[in-house]
Ligand SMILES: [Zn+2]
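Residue numbers (this note's numbering): 113 to 212.
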């Protein structure tokens, strides 16, 4: 807890600037300067706001938390596991919502 009584949660910011919070597509091309446009689902946002949304979601994501506990010191392994988790979510998004 900090002095405001808000619990402090450590969040790994890996991929938050280039990941789509709707379909979990991770792509460098999602970010174009100040704007974010998902190459898959066309979700649009301000690039900084998009990253903040991803960080906010991640703070309360139990699966992400588990990876953080599993690899607290091994950044490479943690990032590889994070990427794999989001790839799986992207695949399940794609199987539920086919691209029109
Ligand atoms: Zn998307």
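C-beta atoms are modelled at their ideal positions from N, C-alpha and C, and glycine is treated no differently.
- In this structure, DSSP gives residue 152 a state outside helix and strand, which the three-state scheme calls coil.
- Contact annotation: the region 136-149 does not touch the region 175-187, with fewer than three C-beta pairs closer than 8 Å.
- Of all C-beta pairs linking the region 159-166 to the region 134-141, fewer than three are shorter than 8 Å, placing the two stretches out of contact.
- Excluding sequence positions up to five before and after residue 166, its CB lies within less than 7 Å of the CB of 128, 131 and 133, all in the same chain and listed in chain order.
- Contact between residue 121 and residue 171 is confirmed by a C-beta separation of about 4 Å, below the 8 Å threshold.
- Taking 6 Å as the cut-off, one finds no heavy atom of ligand 1 near enough to the beta carbon of residue 141.
- With a cut-off of 6 Å, the C-beta of residue 202 is classified as distant from ligand 1, since no heavy atom of the ligand falls inside that distance.
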